[in-house]
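The sequence shown begins at 13 in our numbering and counts up by one.
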Amino acid sequence: MKKISMAAIILVYTVVSMFAAFIGIEKIREKYSAEDEIIAFFDSGRTNLVIGDMLVKGYAQPLVSGGEILLPFDLVKDLIDPTIYMDPGGAVVTVTSDDKVIRMRDGELEAYVNMEPVRLDMSARYINRVLYVPVMVFREIFGIEAVYLEEHDVVIIDFLKNYEHAGFVSPYVYQNPDNQGKNPAGRPGTVPEPVAIRSGMSIKFPLYREIGAEGEEVDVFEIDGEWARIRTSEGVIGYIESRFLRSSVSFENIVVDLVRRTPGEIGDIVLAWQYIYKTTPPVEDFMEFPQINVYSPTWFTVMDPDGTMESRADAPYVEKVHEIGALIWPLLNNTFSDIEMTSAVLNNPEARDNIIRQILAYSQLYGFDGINMDFENIYLRDRDAYTQLIREIMPYARKLGIKISVDVGIPGGSDNYSLCYDHKRLSDNADYIMVMTYDQFWASSPTAGSQAQLAWVEEQIELTLQYVHPDKLVMGIPFYTRIWRELDGTVRNINTVGIDRAMEIVGEKNAAMEWDEESGQYYAHYVEDGAVYRMWLEDPRSIYLKAGLAAEYGLRGVAVWQLSLGNEKVWESIGRSLSERLVEQ
């Protein structure tokens with residue numbers, strides 16, 4: 013009985029051991045064996061779209077009509093051209109590049125390229141309530157290639173300028189000396205190892221398909237150690253083991269320099285805005301300071317919803333500026349008090365075109381070197397429309413050789429004077445951004461304070477640099493001082509004066525004056541008729557410190573509001589500050 017029991021125990025132990033070993037082998041096999049499940053890559057029942065190494069989903073499907081490929085507008089904006097613009101109502105689509113502005117209207121085969129009519133085989137149009145745009149518009153602009161493979165019902169788009177990639181995949185053929193595999197004749201030979209295109213970087217991921225024994229050309233997007241991300245000729249994107257690549261794969265990274273300086277362009281900008289009320293003063297009254305290399309008289313204003321511009325341009329003034337070796341960038345503003353008219357202009361493509369035509373005509377007529385755009389009091393909802401106006405100006409400006417600078421409020425302020433500017437996108441398009449680092453306490457402020465404290469100005473520069481490259485950013489400096497009157501708890505800005513007049517008032521009123529470190533200004537106050545009058549003074553010392561910030565942060569320069577409010581000493585302080593800080597760096 014005892015022997016039987018021992019034999020039974022041994023038998024049970026043997027069976028259990030064999031079972032455990034079997035389970036272990038299965039687990040090992042499960043762990044190390046390749047997944048052989050085949051899954052579909054494309055969505056069935058629709059035309060698929062592949063852009064580069066991405067199968068695009070979540071949009072209306074592409075359409076093919078008469079051999080032309082059309083893509084949904086929102087897909088184009090998200091994945092191909094983030095600057096494509098649709099005017100309110102969706103009737104007009106605008107595409108801009110470095111040298112072209114292309115307008116397409118819903119269903120019309122006549123488009124406009126740089127305001128000249130051209131015939132299109134296919135235009136933008138609504139299909140089943142989806143706005144579609146023809147790919148042909150983007151081929152030259154973005155250097156893309158688009159093909160439709162009818163057999164597989166797939167559209168493939170590549171950005172050819174981004175990289176070059178090529179490779180050939182074939183089964184890995186190895187010698188089999190142990191006769192474990194034989195060729196069709198039954199003799200020892202070579203054994204091909206199948207190549208699986210998998211959905212992930214592991215043999216445990218399901219596969220889309222295998223590469224045939226003859227191999228095939230593929231596009232190679234990335235090699236990460238033992239795995240390569242590839243795309244087949246029919247658009248299937250997946251991973252193969254990199255050892256199967258038979259030809260060398262080379263990648264060419266394209267480095268885009270977003271900030272370029274053209275030959276003959278000025279270095280540091282020292283711009284003076286000059287306020288022109290009705291007529292430009294006679295040229296014998298021209299205010300010349302050697303530190304100024306750009307003059308910007310306020311000559312142009314948009315007057316009506318059609319974009320008609322009022323001009324105060326003066327040929328002798330332009331000749332004088334060029335005679336002294338400076339540049340002239342006249343200022344174009346909107347009618348600040350009429351926000352509705354500004355909105356109508358910005359949202360009307362014909363009005364935008366009208367503004368551009370006039371800018372070009374006046375620039376050629378007078379020989380301008382640039383235009384300074386100063387649109388203020390803009391609805392927040394028109395933020396993109398203003399960016400679009402600047403974007404549409406640029407191709408023409410480049411062709412004509414003139415610079416476009418854009419005045420903007422500080423980031424994070426009010427809706428109509430700060431948030432209405434898309435600082436980054438404006439900077440991406442315009443040549444220069446002039447940030448108005450003044451009016452810290454504006455004219456209607458209920459509290460008295462500085463027009464531009466030094467600490468506040470520096471904070472605004474740091475904020476703006478989050479959106480604008482320093483080589484494009486020009487810092488605004490005020491030459492004015494506000495005079496505040498406080499009486500019975502009520503504060504009112506009673507006057508705004510220039511540098512000389514402010515110092516005269518200090519002397520006339522025998523005002524107490526002391527240096528304020530935080531403001532980087534002299535603070536002055538006096539009492540008259542029971543009211544307290546306060547001033548934060550701009551003078552050569554305060555201006556010197558502000559201009560020093562431009563050099564310290566590597567900005568492109570300074571722009572001053574405005575010319576007639578300054579004097580020789582403050583201009584000398586700007587020149588000294590910029591040159592001394594640059595030497596220190």
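Yeah, the Cβ is synthetic: ideal placement off N, Cα and C, and Gly gets one too.
As the structure is a prediction and not an experimental result, all values here were calculated from the model.
- Query: residue 415 lies in the beta strand (DSSP E); which residues open and close that run?
  - Reply: Position 403 of the sequence shown, counted from the first residue, corresponds to residue 415. Per DSSP, residue 415 belongs to the beta strand (DSSP E) from 415–420.
- Measuring alpha carbon to alpha carbon, tell me which of 419, 467, 432, 468 ends up nearest residue 445. As a first step, residue 445 is located in the sequence shown; it is residue number 433 there, counting from the start. Shortest Cα-Cα distance from residue 445 to any of 419, 467, 432, 468 involves 419.
- So what does DSSP say about residue 406, is it helix, strand or coil? Against the sequence shown, residue 406 aligns to sequence position 394. DSSP places residue 406 in helix when its eight states are reduced to three.
- Message: Using C-beta distances below 8 Å, list every residue in its chain close to residue 458, excluding the 5 sequence neighbours before and after it, in chain order.
- Response: For the purposes of this step, residue 458 is taken as residue 446 along the sequence shown, with counting starting at 1. Around residue 458: 503.
- Per-residue burial, residue 435 [other beta carbons within 10 Å of its own, 16 or more giving buried]: Indexing the sequence shown from 1 puts residue 435 at position 423. Counting the other CB atoms within 10 Å of its CB gives residue 435 a total of 16 or more, which places it among the buried residues.
- Query: Secondary structure at residue 586, three-state DSSP: helix, strand or coil?
  - Reply: Counted from its first residue, the sequence shown places residue 586 at position 574. Correct three-state label for residue 586: helix.
- Helix, strand or coil: which one does DSSP assign to residue 311? Translated into positions along the sequence shown, residue 311 becomes position 299. Reduced to three states, the DSSP call for residue 311 is coil.
- First and last residue of the uninterrupted alpha helix (DSSP H) at residue 7: Residue coverage of the chain in this structure runs from 13 to 597, which leaves residue 7 outside it and unanswerable.
- Item | Proximity below 8 Å, CB of residue 586 to CB of residue 303 | Looking up residue 586 in the sequence shown gives position 574. Looking up residue 303 in the sequence shown gives position 291. Taking 8 Å as the Cβ cut-off, residue 586 and residue 303 qualify as a contacting pair.
- Query: Which residue or residues does DSSP assign as beta-bridge partners of residue 343?
  - Reply: The residue you call residue 343 lines up with position 331 of the sequence shown. 384.
- Item | Backbone CA spacing between residue 166 and residue 83 [nearest angstrom] | Within the sequence shown, residue 166 is the residue found at index 154, counting from 1. Within the sequence shown, residue 83 is the residue found at index 71, counting from 1. C-alpha separation (whole angstroms): 13 Å.
- Task: Mind checking which residues open and close the alpha helix (DSSP H) that includes residue 470?
- Result: The residue given as residue 470 occupies position 458 in the sequence shown. That run of the alpha helix (DSSP H) goes 466–476.
- Task: Over the uninterrupted beta strand (DSSP E) stretch that includes residue 286, give me the two end residues.
- Result: Translated into the one-based positions of the sequence shown, residue 286 becomes position 274. Residue range 281–286 is occupied by the beta strand (DSSP E) that includes residue 286.
- According to DSSP, is residue 490 helix, strand or coil? Along the sequence shown, one-based indexing puts residue 490 at 478. Strand.
- Message: For residue 394 and residue 359, I'd like the C-alpha separation in whole angstroms.
- Response: Translated into the one-based positions of the sequence shown, residue 394 becomes position 382. Translated into the one-based positions of the sequence shown, residue 359 becomes position 347. About 8 Å.
- Take residue 591 and list the residues in its own chain whose beta-carbon comes closer than 7 Å to its own, dropping the five residues that flank it on each side. Mapped onto the sequence shown, residue 591 falls at position 579. Here the set comprises nothing.
- Message: Under DSSP, the beta strand (DSSP E) around residue 250 begins and ends at which residues?
- Response: The count along the sequence shown starts at 1 and reaches residue 250 at position 238. Where residue 250 is concerned, the enclosing beta strand (DSSP E) stretches over 249–253.
- Task: Give the secondary structure of residue 116 by DSSP, where H, G and I count as helix, E and B as strand, and everything else as coil.
- Result: Locating residue 116 in the sequence shown gives position 104, where the first residue counts as 1. Of the three classes helix, strand and coil, the one that applies to residue 116 here is strand, per DSSP.
- Task: With DSSP as the reference, please indicate the residues paired to residue 537 in a beta bridge.
- Result: Position 525 of the sequence shown, counting from 1, holds the residue named residue 537. Its beta-bridge partners are 524, 546.
- Indicate the three-state DSSP secondary structure (helix, strand or coil) for residue 591 in the structure shown. The residue labelled residue 591 in the question sits at position 579 within the sequence shown. Of the three classes helix, strand and coil, the one that applies to residue 591 here is helix, per DSSP.
- Query: What does a CB cutoff of less than 8 Å around residue 407 pick up in its chain, not counting 5 residues either side in sequence?
  - Reply: In the sequence shown, residue 407 corresponds to position 395, counting from 1. Excluding residues within five positions, the ones whose Cβ falls inside 8 Å are 108, 109, 110, 111, 112, 113, 126.
- Message: When you compare the segment 528–545 with the segment 563–573, are there three or more beta-carbon pairs, one atom per stretch, that lie closer than 8 Å?
- Response: In short, these stretches do not touch, since the Cβ pair count stays below three.
- Item | Close Cβ partners of residue 538 (< 6 Å) along its chain, the five nearest in sequence each way excluded | Counting from one through the sequence shown, the residue named residue 538 turns up at place 526. Within the same chain, 521, 523, 545 come within 6 Å of residue 538 by CB-CB distance, once the 5 residues on both sides are set aside.
- Query: Which partner residues does residue 569 have in the DSSP bridge list?
  - Reply: The residue you call residue 569 lines up with position 557 of the sequence shown. Note: residue 569 sits in a beta bridge opposite 281, 486.
- Message: Am I right that residue 286 and residue 554 are in contact with their C-beta atoms under 8 Å? What's the rounded C-beta distance?
- Response: Position 274 of the sequence shown, counted from the first residue, corresponds to residue 286. Position 542 of the sequence shown, counted from the first residue, corresponds to residue 554. No, residue 286 and residue 554 are not in contact; Cβ-Cβ is about 21 Å, not under 8 Å.
- Message: If you measure between the beta carbons of residue 106 and residue 293, is that distance less than 8 Å?
- Response: On the sequence shown, residue 106 is found 94 positions in, with the first residue counted as 1. On the sequence shown, residue 293 is found 281 positions in, with the first residue counted as 1. It is not a contact, given that the beta carbons lie outside the stated cut-off.
- Message: Once DSSP output is grouped into helix, strand and coil, what is the label at residue 147?
- Response: Looking up residue 147 in the sequence shown gives position 135. Reduced to three states, the DSSP call for residue 147 is coil.
- Cβ pair count under 8 Å reaching 3, the segment 139–149 against the segment 221–235: With a cut-off of 8 Å, the segment 221–235 and the segment 139–149 do not count as touching, because too few Cβ pairs lie within range.
- Drop a sphere of 10 angstroms on the beta-carbon of residue 159, count the other beta-carbons inside from all chains shown, and report buried for 16 or more, exposed for fewer. Here residue 159 corresponds to residue number 147 of the sequence shown, with the count starting at 1. The residue in question, residue 159, is exposed, as its Cβ has fewer than 16 Cβ neighbours within 10 Å.
- State the CB to CB distance for the pair residue 342 and residue 380, rounded to an integer number of angstroms; the pair is presumed to be in contact (CB under 8 Å). Locating residue 342 in the sequence shown gives position 330, where the first residue counts as 1. Locating residue 380 in the sequence shown gives position 368, where the first residue counts as 1. Confirmed, Cβ separation roughly 6 Å.
- Message: Check for me: the alpha helix (DSSP H) holding residue 354 runs from which residue to which?
- Response: Stepping through the sequence shown from its first residue, residue 354 is reached at position 342. Looking at the DSSP string, the run of the alpha helix (DSSP H) that includes residue 354 is 351–358.
- Selected residue, minimal CA-CA separation from residue 254, among 314, 449, 181: Position 242 of the sequence shown holds residue 254. Of the candidates 314, 449, 181, the one whose C-alpha sits nearest the C-alpha of residue 254 is 181.
- Roughly how many whole angstroms lie between the Cα atoms of residue 579 and residue 557? Taking the sequence shown and counting its residues from 1, one reaches residue 579 at position 567. Taking the sequence shown and counting its residues from 1, one reaches residue 557 at position 545. Distance between residue 579 and residue 557, taken at the CA atoms: about 17 Å.
- Same chain, Cβ closer than 8 Å to residue 251, five either side skipped, listed in chain order: As a position in the sequence shown, residue 251 is number 239, starting the count at 1. So the qualifying residues of the chain are 209, 210, 211, 212, 213, 217, 239, 240, 241, 242.
- Item | Inter-residue CB distance, residue 75 and residue 156 (contact presumed, cutoff 8 Å) | The residue you call residue 75 lines up with position 63 of the sequence shown. The residue you call residue 156 lines up with position 144 of the sequence shown. No, residue 75 and residue 156 are not in contact; Cβ-Cβ is about 17 Å, not under 8 Å.
- Run of the beta strand (DSSP E) containing residue 60, from where it starts to where it stops: By 1-based counting over the sequence shown, the position of residue 60 is 48. Counting along the chain, the beta strand (DSSP E) containing residue 60 begins and ends at 60–63.
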